Every structure is written in C-alpha cells, then in structure tokens.
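Notes to accompany the following structure.
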Amino acid sequence: MGNMESGLGSTKGMILDIWSVLKCFLAYFVGRLAFKGAVLSVNIKLIQNVSKVILSVLFLLLLINLVIPIWPSTEYRMGITTQYLIFPHATYLSAASFFCMVLLGLKNVRRNIPFLLMGAALIFFAARNKGLIFVAIFFFLLILMTFLEKKNIKFMYLIGPASILLLLFWNVIESRLLSSETSARSLLFQGGFKIADRFNPMGSGLGTYGSGSSVSEYSPIYDWLQFYKTYGFTRDNPQFLNDSYIAMLIGQFGYLGLVIFAGIAIIFLLLISKKRGNIQLFILVLFLYSMTSIVTELYLTTNLGVLAFFLMGAAMNETDENLSLEKEPVWKVQ
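Rendered as structure tokens:
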C-alpha cells in the first residue's frame, strides 16, 4: 500500500524486502513447529560443551592478541583498542560470545560462571554498546531469577533497570540517533520521520528506504532527502544507508507499521511471560538483544537475527522441568 501511495519501489526490490522482513519470523515458526519436541534439553550437554570450547578458544586468542597483536585494530572506543580477533568486525565477536553465554545460561549456571565471565570479557573488549547492555541485562536477570520464588520474571521487574539503562545511555542515544547532523544513524532516523510524515500513515513502501534493496538500486527518495551530499550515503559509497532496522521500518512502513511492529513485540512479550525458569530467561534475553540491535543495524534481516528467532521458537517448546532448572540456582539463597 505504501508503494502505491508513494509511486516508488521496483518489483524486485519489493520482493527482496518482503523476504528480508519476514525471514526472522519464519525462522521462529520453523523452530516452534518443526521442532515440537524438547530439542534443546535433549542436546543440552553437547550444546553447552561446544559453547565452552568456543568461548575458551576466543578468550585464549584475546589474551594472546593483547600481548602480541596478531589481529591489530585501529579502532579505539571506550578507552580501549577494539578487538576483532578472527572476525571481520567486532560486532561478530560480540554476537558469538552472546550466543554462547545465553546457551550456557540454560542449565548448570553455577558451574558455567567461569565461561560466562570469559564471554563478558570478550564482549567488553569488542566494545559494542549493545553488547555491554546485554551483559548487564543478562547477569541482572540471572541474579533476579535466583530470588524469585516462582521462577517467573514479571515485566514490571524490568522497568527499573530499563529506566536506569536509558538514563545512562541517554546522551549517546540523543547525540547519535536523534539530533546529530553528522551521525549516519541520526540522519537515517531523521530521514525516516520525514518520509513517514510525507507518506502518512503507511510510509513510502517496500524497497524504498534503509533496506538492502533500496541501497542497491539507490532509491529516488535518497535524492529527495539530498543524502547524496553526505559521506556514506552516496551512490558510489552507500555503506551507511542500511544501518538501522527501526529507521527503515519508520520510513518504509510509516507510523502504522511502527504501531503494528510494537503490537508484534508485545505479543512476543506475552508469550515469554508464560514461560518459567531459565528457559524464560533464555528467550527473554534473545528477544531483548534482538530489540536493542535493530536500533543500530538491520539485525532482523541478518543470519544472526534468523538464528536468534529460530532458537526462540525452539525454546518455546521447552519447560523448566525438562532442564531441571530449579535444582541449579546461580547462588544459593539462605
């Protein structure tokens, strides 16, 4: 409908964007329907052993690289030199550590604490904001679950920590996403709202803004926004044009699309609220990580996003009894 209103977007671009937008949700239903049995609990020992090996190897490589920079980095963030190690970008190091950590949080958490700390160290040296936010949320929820008698996280428990994180990172959010005239993501958000206002309420339509197909065809809407004047937004160098899923959502689907997406997120939260124990924590952390990642990248269109939603779907078939989660608290509460 947005394409009809704006008159923009090619058939090829629309088809590619339909697939990009839907594949995460399809992965969720594949995990939910194709693996109706307790897949994670049956294979938990193997899954956790593989995760331990990955974290141990990466941590060893980190220690070596800190002494002898085999994989040198020129990026400097948060007072440290960002570590990529064997990955092409620090985001992938952070993501690999993240997935291993949440899998180790499924069972025998106390025994896995050394490996969880290794993962946290890897994410710290990757120096990605969303990775550090994840570490804070993950350990907070692990500790919170220990003190909850019914082993069920009520979402009102998250309001306080979420407010604290918002206050801590508000300067970053305001300067990089809302008001900056030089930040790529800020310009993407500002452009998205301009498009949403012009083509209210459905946006400019598929394949027109912030997506991979809109970049490959260099959508006419970029000329209207005069993005060709900005480094990283030009035809020859469009590397920053698809740097935010939310900005893409606002521009292509407008305020109506934003409301629908918020409704889908609420449905997921309601489904998660029905779970208990560490299986609930596992799904919740995957979901929260996905929701924070879509602010700064097209996470739901990537293989990492597909993997996260597939694991969420498979985990929905599990119960805390399958993993005997309540027998293994993180810390014993007297």
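Residue numbers for the sequence shown follow our numbering, beginning at 2 and rising by one.
Glycine included, each C-beta is placed from N, C-alpha and C at the ideal position.
Only a predicted model underlies this, so the values are computations on that prediction, with no experimental measurement involved.
- When R78, L168, G258 and T293 are compared, the shortest CA-CA separation from D198 is found for G258.
- It is roughly 16 Å from the alpha-carbon of Y300 to the alpha-carbon of V216.
- Per DSSP, reduced to three states, the secondary structure at I81 is strand.
- Exposure of M79 is indicated by the presence of fewer than 16 other C-beta atoms within 10 angstroms of its C-beta.
- Relative to I273, the option among F288, E218, P115 and I261 whose CA is nearest is F288.
- Taking 8 Å as the cut-off, the Cβ atoms of E218 and S21 do not count as close.
- Contact between the region 261-277 and the region 203-214 is absent: fewer than 3 CB-CB pairs across the two stretches fall below 8 Å.
- With a contact defined as Cβ atoms closer than 8 Å, C101 and L56 qualify at about 5 Å.
- Here Y219 carries a coil assignment [DSSP, helix/strand/coil].
- For the pair M317 and I295, the Cα-to-Cα distance works out to about 22 Å.
- Within the same chain, and ignoring the five residues on either side of L282 in sequence, the residues whose Cβ sits closer than 6 Å to its Cβ are L142 and M146.
- Cα atoms of F241 and R129: separation of roughly 17 Å, rounded to the nearest angstrom.
- The alpha-carbon separation between M119 and F139 amounts to approximately 14 Å.
- The beta carbons of L59 and A91 sit no closer together than 8 Å.
- Around the beta carbon of I196, a 10 Å sphere encloses 16 or more other beta carbons of the protein chains shown; the residue is thus reported as buried.
- When DSSP states are grouped into helix, strand and coil, Q227 belongs to the coil group.
- Residue burial is scored here from C-beta neighbours: N113 has at least 16 other C-beta atoms within 10 angstroms and is therefore classed as buried.
- For N279, the enclosing alpha helix (DSSP H) starts and ends at G278 to S294.
- Put simply, of R186, G252 and I251 the residue whose alpha carbon is nearest the alpha carbon of T231 is R186.
- Fully enclosed beta strand (DSSP E) runs of no fewer than 3 residues are not present anywhere in the region 30-90.
- Nearest in C-alpha terms to L47, of all of L107, L271 and L9, is L107.
- Here I247 is buried. Its C-beta has 16 or more other C-beta atoms within 10 Å.
- Secondary structure note for Y256: its alpha helix (DSSP H) is the uninterrupted segment Y246 to S274.
- DSSP, reduced to helix, strand and coil, places M5 within a helical segment of the structure shown.
- Measuring C-alpha to C-alpha distances from N50 to each of I81, Y85 and N109 identifies N109 as the nearest.
- For the pair I45 and G132, the Cα-to-Cα distance works out to about 24 Å.
- C25 is positioned such that its CB atom lies no closer than 8 Å to that of G252.
- For I124, the closest C-alpha among the options N243, W225 and S95 is that of S95.
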